[in-house]
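Engineer:
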Amino acid sequence: MHYLLVALAITSSLFLTGCAVKRQPAQILLRSSPWHFSQGSALSTLSAEKPAGTFKAPSDSSSFTIKMKVTFKSDIISRTLLDIPGVLNVKTFQHDVKDRKRQNYPVFSRPDGSVPVLEAALRLHSPTEPKGPQDMPIGIPLAMLEKFEGEHEIILHFSGVRWALYVDNELLDNDFPLGYPKWGKQSSWKIDPEIVSKAEIFFPGIEPQQIVLKKPRVSNEIQYWTPQGHNTWVGDVATFYHQGRYHLFYLFDRRGHASKFGKGAHYFEHISTTDFKTWTEHEAATPIEEQWETFGTGTPFIFNNKLSLSYGLHTTRIYPKEQTSLPLQWDFYDKHGVTGSFRYDTIPRYPAGSTYSVSEDGISHFKKTKILFHPCENPSVYTDPEGRLRMLANYGAKGTWESKSINGGWKSVNPNFPPGGDCTFFFRWGNYDYVIGGFTGFWSKPASADEDQFVDGVKAGLDFYNGMNVPAVTEIKDGRFLLAGWIPMAGWGGALTIHEMIQFPDGRIGTKWMEEIIPATEKERLLAKEIYETSAFATGAPSFLLTFDVEPGTDLTGKIGPLLLGADGENHACEVQIRPKAGKAQYGKGQLQNFANVEKSLREGGSPSGARNYAIENLTNTDKPFLVRMIVKYDAKFGGSLIDTEIAGQRTMIAFRPELKVEKILLRSEGTGIENIRIAALKY
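Be aware that the sequence shown starts at 1, since it is given in full-length UniProt numbering, and climbs by one per residue.
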C-alpha cells in the first residue's frame, strides 16, 4: 500500500508540473508530386540567337502552353524575361519585403533579406468584369527554389479554367481565370536572351500529367497545418466521421480570397485519418472545372448509404442573379411549396445554389451530381438523430428545411431558425441539441424540447468561440466530439486547428487540446519552480510549448499575464491574461510596464473570430489550482506567431500575431501564484 501511495503522489506531481509526454508528430501523406509535359510541336520558338519573332494564333486559342529555359543570376533581377504585347508579361523584380498582401512573397527571402520574385501576368478579357481587361498575375518568390542561381525550366499553362506556373516540373502557383486572352491576327513576342535561352509556345496547350511517386511526400504535424505553397491557406472546414474514418474537407484558398479577381475560386480539398496520427491527402472533392465555378461551404452527409458532400455554387459573385438559375429555382418553390430538382448541365443559365457530390468508394473519389436541390448557397445538410434528412439554409436563404430525398422536395419546417448568414451546423450531444453558426452564432436546447426552444448561448456568455473561424463539429468514436476550423492569417484563410470538446452536465460546452495531435517537442526544461516577482526568460526557440500551474488567490481582481516579446520589445507583443476568480481570460496588446487593457468577450461586442485581441468569459475550475498550456507556433509563411492556450483543460483560445517572433517571456502576476514553469521547443 505504501508503494501505491508513493506512485500516486509521483503521478499527481508529474501532472501538476506539466511534465512533457514524448509524442510522435502526426504526418500527412501528400498527393503532391512532379508534373510532366510532353514535347509536342511548338507553333513558334525563340532562342538566344533569335530572341524575337511573330506567330499567328490558331482559331482555337482557348488554351496554350509556354516552355522556357531560364538561367537566374543574383546580379540580374529586375528584368522582363518574355513579353507578348497586350497578352503576357513575364518578369523578375525585387518585392517589398514587408508586403504580404495576396501572394505572401516574403515567406522566402535571400540571405541578404531581399525578396526577388518571378511573376507572369496574363491579360484576360471577360464580359463579366466592369473594369474591362485585367491582368491575372501568378508568381513565386525565387528564394523558394532549391537552387536559385542556374538553369531552370519554367512552364506557363493556360487551360481556360486554370492559369498555372510550373518550375522544374513542380506546380508552384495557379489562379482560375475569368475570360480569355485576345490574340492579334499576328502576335509578336520576344525574350531577354541574357536570361532566357529558349522559349516555345504551343496551341492548344499541353495538358500536364502528374507523376506517381513510389513513396509519397510527407508533411509533419496536422495541427496548425497549411497546404503546400507560399500563398496557400485553409478556408472553411466541413468534417464527418464515417466507418472509423475522420474526413476533413476544407475550402482551398490562395491569396486570401483574391483569386479569380477577388471571387475566391474556392473548392473543397479533402484529407482523412483513421488514427489522427497518419493523415491522407486525397484528390480534390469538388475541383473547379468551369470558369463560372467558385464554391461555398456545405456539409458531408450520408444518403442512400453513400458518403456525400453538399456545397454551394457562389456564382452570383461572378454573374448577376438574373443570369443564374436562382430565379428559376425560387419560382418553382413559390409555385409548389417545395424546391425542385434541376440538372444544371441542362439549364441555359449559369448554375447557382445548392448541389452535392458523391463518393464512389465511400472514402474519396467524389463525383459531381450536377443536381441543384435548393437555391441557398451554403447548404448544411445532415440526418438528424430521428433519421430525418434536414438542412440549415445559409447565404441566400434561412431556416430549417426537410426532405425525403436530397434531390429536391425540400420544404421549410422552421422558417426563422437559424437566421441564415454564415455556415451553421447542427449536432446532438447526449440530452442536448446545438447549432453553431460561422463566426458569432450559437444556440442550444434540451433534445426533448420543441424546435422553437433554442436559447442564444452568446447572449448568456456561454459560447465556446475560441478564435477558430467557421468551426465544424463532429462526433468520433468513444463519444468524443471535435471542433475544427481555421485561424485567420491572410485576410481570409489561414491555418487549420482542431480541438476536442467537453460537455458539462448542464449541457454547456468547453474545449481542450486533442492529445493525439499536440505537436511533438524537444526535451522539456524547467524555467522556474515558482515566480515570486516579475521574471523574464529567454525562450531559446520561436516555437514552443509552455506549461505552468496557477494558484488562484482570493481577490476577484487577481490575475496573471504572461507577456510574449519579440526583438522589438512592446511592438507586436502579446499578453495572455487570465483572471481566475473573475473567470475571464484574454489576449491583449502587450505592455512592458502594465498589464494589457481589458478586452471584450463575444457577448460584450468583442471579436474572437478576428483571432487578435479578445476575451472569453465564464471560465470553469479556475477557483482552485489549475494547469495552463500554451503553444506558440512561429512560421515564416505565417509572417508571425499563432498562440494556442488551454486553461484548466476546459477552455481554449487562439490568437495570431503578425510580425511577432517570440524571443522572451515576461511572467508577472497580481494576487495569483505561478509555479512549475516549463518550456519545450517544438520539433517542427
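Virtual Cβ for every residue (Gly too), placed ideally from N, Cα, C.
1) Which of helix, strand or coil does DSSP assign to S12?
2) Considering only the beta carbon of each residue, do L326 and S359 sit closer than 7 Å?
3) If you draw a straight line from the C-alpha of Y267 to the C-alpha of E575, how long is it?
4) Are E599 and G606 touching if we call contact CB-CB under 7 Å?
5) Work out the CA separation of S61 and V90 for me, nearest whole Å.
6) Per DSSP, S74 forms a beta bridge with which residues?
7) Excluding five sequence neighbours on each side, which residues of the same chain lie with their C-beta closer than 8 Å to the C-beta of T521?
8) If the criterion is Cβ atoms closer than 7 Å, does the pair S38 and G205 meet it?
9) Go to K445, then tell me how far its beta strand (DSSP E) extends in each direction, as first and last residue.
10) List the whole-angstrom C-beta distance separating S253 from G569, where the pair is believed to meet the contact cut-off of C-beta under 8 Å.
11) Three or more C-beta pairs under 8 Å: does that hold for the region 277 to 296 against the region 363 to 375?
12) So the alpha helix (DSSP H) W225 belongs to, where does it begin and stop?
13) Does DSSP classify L4 as helix, strand or coil?
14) Expressed to the nearest angstrom, what Euclidean distance is found between the alpha-carbon atoms of A7 and T400?
15) Using a 10 Å radius around the Cβ and a threshold of 16 neighbouring Cβ atoms, would you call L172 buried or exposed?
16) Rank A536, D452, H374 and D275 by C-alpha distance to the C-alpha of K477 and give the top, closest one.
17) When burial is assigned at 16 or more other CB atoms within 10 Å of the CB, is E322 buried or exposed?
18) With DSSP run on the structure shown, which of helix, strand or coil describes H242?
19) Curious, which full-length beta strand (DSSP E) runs of at least 3 residues does the region 447 to 480 contain?
20) If D463 sits next to L602, beta carbons under 8 Å apart, how far is it from one beta carbon to the other, in whole angstroms?
21) For T17, name the three-state secondary structure that DSSP assigns.
22) Taking a contact to mean a Cβ-Cβ separation below 7 Å, would you say I318 touches W292 in this structure?
23) Determine the DSSP secondary structure at G262, reduced to helix, strand or coil.
24) Note down, one range per segment and in chain order, each alpha helix (DSSP H) of at least 4 residues found wholly within the region 43 to 115.
25) Write down the C-beta distance between T299 and F425 rounded to the nearest angstrom, noting that I regard them as a contact closer than 8 Å.
26) DSSP three-state call for F332: helix, strand or coil?
27) Tell me the DSSP secondary structure of L565 in three-state form.
28) With DSSP collapsed to three states, give me the class of R317.
29) Which residue from V87, A611 and K277 puts its Cα closest to that of W183?
30) Mapping the DSSP letters down to three states, classify M144 as helix, strand or coil.
31) Near K512, which residues of its chain fall below 7 Å by C-beta distance, leaving aside the five closest residues on each side in sequence?
32) Return the chain-ordered list of same chain residues with a C-beta closer than 8 Å to the C-beta of Y333, the five sequence neighbours on each side being excluded.
33) Using CA atoms only, rank isn't needed, just tell me which of V97, E119 and S126 is closest to D112.
34) Kindly examine the ligand ZN and report whether one of its heavy atoms sits closer than 6 Å to the Cβ of E604.
35) Between which two residues does the beta strand (DSSP E) containing M501 stretch?
36) Just the C-alpha distance for I10 and N676, rounded to the nearest angstrom, thanks.
Structural biologist: With the given structure in hand:
1) Residue confidence is low: S12 scores 35 on pLDDT, short of 50, so the model does not pin down where it sits. Its coordinate-derived value is still stated next. In the three-state scheme derived from DSSP, where H, G and I count as helix and E and B as strand, S12 is classed as helix.
2) No, the Cβ-Cβ distance between L326 and S359 is not below 7 Å.
3) Near 36 Å, if we compare the C-alpha coordinates of E575 and Y267.
4) Result yes, Cβ atoms of E599 and G606 sit closer than 7 Å.
5) Rounded to whole angstroms, V90 to S61 spans 19 Å at the Cα level.
6) Paired residues: none, contrary to the question.
7) Taken in chain order, the residues that qualify are A20, R23, F544, L545, A680, A681, L682 and K683.
8) The answer is no: Cβ separation not under 7 Å.
9) Judged by DSSP secondary structure, K445 falls within the beta strand (DSSP E) whose first and last residues are G441 to P446.
10) Before going on, a small fix: residue 253 reads as Asp here, not Ser. No, D253 and G569 are not in contact; Cβ-Cβ is about 33 Å, not under 8 Å.
11) Proximity of the region 277 to 296 to the region 363 to 375 meets the contact definition, three or more beta-carbon pairs being nearer than 8 Å.
12) Counted as a single uninterrupted DSSP element, the stretch harbouring W225 is not any alpha helix (DSSP H), since DSSP gives it neither H nor E.
13) Low confidence applies here, because L4 scores a pLDDT of 32, under 50, leaving its location unreliable; read the following figure in that light. Note: L4 maps to helix in three-state DSSP.
14) A caution first: A7 carries a pLDDT of 33, below 50, which makes its placement in the model unreliable, though a value can still be read off. Taking the straight line joining both Cα atoms gives about 54 Å.
15) Around the beta carbon of L172, a 10 Å sphere encloses 16 or more other beta carbons of the protein chains shown; the residue is thus reported as buried.
16) When each option's Cα is compared against that of K477, the closest is D275.
17) With fewer than 16 other CB atoms across the displayed protein chains lying within 10 angstroms of its CB, E322 is exposed.
18) Strand, per DSSP.
19) Counting only runs of 3 or more, we get 469 to 475.
20) Their Cβ separation, rounded to whole angstroms, is 6 Å, which keeps D463 and L602 in contact under 8 Å.
21) Legend: pLDDT at T17 = 40, less than 50; position of this residue unreliable, value from coordinates given subsequently. The three-state secondary structure of T17, taken from DSSP, is coil.
22) With respect to W292, I318 sits close: the two C-beta atoms are nearer than 7 Å.
23) G262 falls in the helix class under three-state DSSP.
24) For the region 43 to 115, not one full-length alpha helix (DSSP H) segment reaches 4 residues or more.
25) Indeed, because the Cβ distance is near 7 Å, the residues count as touching under 8 Å.
26) In the structure shown, F332 sits in a helix (DSSP, three-state: H, G or I).
27) L565 falls in the strand class under three-state DSSP.
28) In the three-state scheme derived from DSSP, where H, G and I count as helix and E and B as strand, R317 is classed as helix.
29) Per the Cα distances, V87.
30) DSSP places M144 in helix when its eight states are reduced to three.
31) Same-chain partners within the cutoff: H499, E500, I502, E646, G649, Q650 and T652.
32) By the criterion of a C-beta distance shorter than 8 Å, Y333 is surrounded in its chain by T339, G340 and P375, once the five residues flanking it on both sides are discounted.
33) Taking only the C-alpha atoms, the option nearest D112 is V97.
34) Absent from the structure shown: the ligand ZN. Ligands present: none.
35) Note, M501: beta strand (DSSP E), G494 to Q503.
36) Since pLDDT at I10 reaches only 30, below the 50 mark, its modelled position is unreliable, and the value read off the structure follows with that caveat. In this model, I10 and N676 are separated by some 15 Å (Cα to Cα).
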